[in-house]
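A quick write-up on the structure given underneath.
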Amino acid sequence: MKIAIIGYGKMGKAIEEMALIKGHEIVLKIDLNNANEFTKNNLQEAEVAIEFTGPHSAFENISKCIEWNVPVISGSTGWLEKWDQITSLCNQHQGCVVYSSNYSIGVNLFFELNKQLALLMEPYNDYDVSMTELHHTEKKDAPSGTAISLAEQILEKIGRKNQWVNAASATPTDLIIHSERIDPAPGTHTVTYESNIDRIDIIHTAHTRKGFASGAVLAAEFANKKKGIFTMKQVLGL
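Count along the sequence shown from 1, then add 36; that gives the number in the numbering used here.
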């Protein structure tokens, strides 16, 4: 399979390494130094694009892939206020988008565990729930997209929480997300339920970026020649 990598930073390089191990070919690599090469003709050399950039460029990058009829896998976070526009554009062009805030297979299993635990804890008002996410200092958004996904899953199940906040709060209906940035730290997410008598934690810790890269390549293999909007839930058959 011929792959274009949009965003050739640390994650892009990890994706390239994993794609080559799996026997795929990288036909285009785009970063800030060669953004002028992100053209329709160049992109259409690829069968699928994998996009890991930043909050300010992701929407435009994904839009171009859709308009130029190349399935796109995106892991960029911090831009989802424009998700409805991407959905509309994808439907208009009969394109293919796979989006996840986190492509790690382990994290996506963690998502399912998080939803199930929240469902179990919902009746027990003595337990307050909070979250902590730890990443490297180069990560531009806080909280992480993964933390937001986890928080939104909790809010769907725990009726005593109304919103997530990325700061200290004395409001009982707020779900607090603590964000920390230190090096080196590929990513740790902790969900905590605590009462006066005990505490329950579920934790996912990434040791390297290879888990994210492997999942992104798996999503690319899934998306090839498909139409529609998908998540890792469909990719993994969960």
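All residues carry an ideal CB built from backbone N, CA and C; glycine is no exception.
Source: prediction; values computed, not measured.
Contact set for residue i: own chain, Cβ-Cβ below 8 Å, skip 5 residues either direction
i       : result
Thr-267 : Val-134, Tyr-135 and Ser-136
His-243 : Pro-222
Asn-105 : Gln-80, His-129 and Gly-131
Asn-161 : Arg-196
Leu-191 : Lys-197, Asn-198, Gln-199, Trp-200 and Leu-211
Thr-209 : Arg-196, Lys-197, Asn-198 and Gln-199
Cβ shell of residue i (< 7 Å), same chain only, five flanking positions each side left out
i       : result
Lys-38  : Glu-61, Val-63, Glu-81, Ala-82 and Glu-83
Lys-118 : Phe-95
Leu-6   : Here the chain covers residues 37 to 274 and nothing more, so residue 6 does not appear.
Lys-193 : Lys-151, Ala-154, Leu-155 and Glu-158
Gly-264 : Cys-132
Glu-230 : Tyr-163 and Asp-164
Thr-226 : Met-167, Thr-168, Asp-237 and Ile-239
Tyr-139 : Gly-111, Phe-248, Gly-251, Ala-252, Ala-255 and Met-268
Span of the beta strand (DSSP E) around residue i
i       : result
Ser-215 : 210–217
Glu-61  : 61–66
Ala-40  : 38–42
Range covered by the alpha helix (DSSP H) that runs through residue i
i       : result
Gly-181 : 181–193
Phe-88  : Premise fails: Phe-88 is in no alpha helix (DSSP H) and is neither H nor E.
Ile-233 : Neither: Ile-233 is in no alpha helix (DSSP H) and is coded neither H nor E.
His-171 : No alpha helix (DSSP H) holds His-171; the beta strand (DSSP E) holding it covers 164–171.
Lys-46  : 46–57
Lys-76  : 76–79
6 Å Cβ shell around residue i - same chain, five flanking residues per side excluded
i       : result
Lys-262 : Cys-132
Ile-102 : Leu-125, Cys-126, His-129 and Gly-131
Met-54  : Ala-249, Ser-250 and Val-253
Phe-258 : Val-271
Thr-224 : Leu-170 and Thr-241
Phe-74  : Ile-66
Integer-rounded CB distance, given that residue j should sit under 8 Å from residue i
i       : j       : result
Ala-40  : Leu-79  : 6 Å
Gly-195 : Glu-158 : 7 Å
Val-165 : Leu-211 : 6 Å
Thr-89  : Asp-177 : Not quite, the Cβ-Cβ distance comes to about 12 Å (not below 8 Å), so this is no contact.
Lys-65  : Tyr-44  : 5 Å
Asn-97  : Ile-51  : That pair is no contact at about 15 Å.
Phe-147 : Gln-189 : 7 Å
Residue i beta carbon near the ligand ZN (any heavy atom closer than 6 Å)
i       : result
Ile-109 : For the ligand ZN, the structure offers nothing, since it holds no ligand at all.
### Task
Please determine if the region 153–165 and the region 224–242 are in contact, where contact requires at least 3 C-beta pairs separated by less than 8 Å.
yes
### Query
Can at least three beta-carbon pairs, one atom from the region 217–226 and one from the region 191–203, be found at a separation below 8 Å?
no
### Message
Contact between the region 96–115 and the region 248–260 is defined here as three or more beta-carbon pairs at a separation below 8 Å; is this criterion met?
### Response
yes
### Message
Which runs of the alpha helix (DSSP H) at least 4 residues long sit entirely within the region 105–130? Give them in chain order.
### Response
119–129
### Message
Going residue by residue through the region 232–273, where are the continuous alpha helix (DSSP H) segments of at least 4 residues, counting only ones entirely within it?
### Response
246–259 and 268–272
### Query
Which residue spans inside the region 127–151 form an unbroken beta strand (DSSP E) run of at least 3?
132–135
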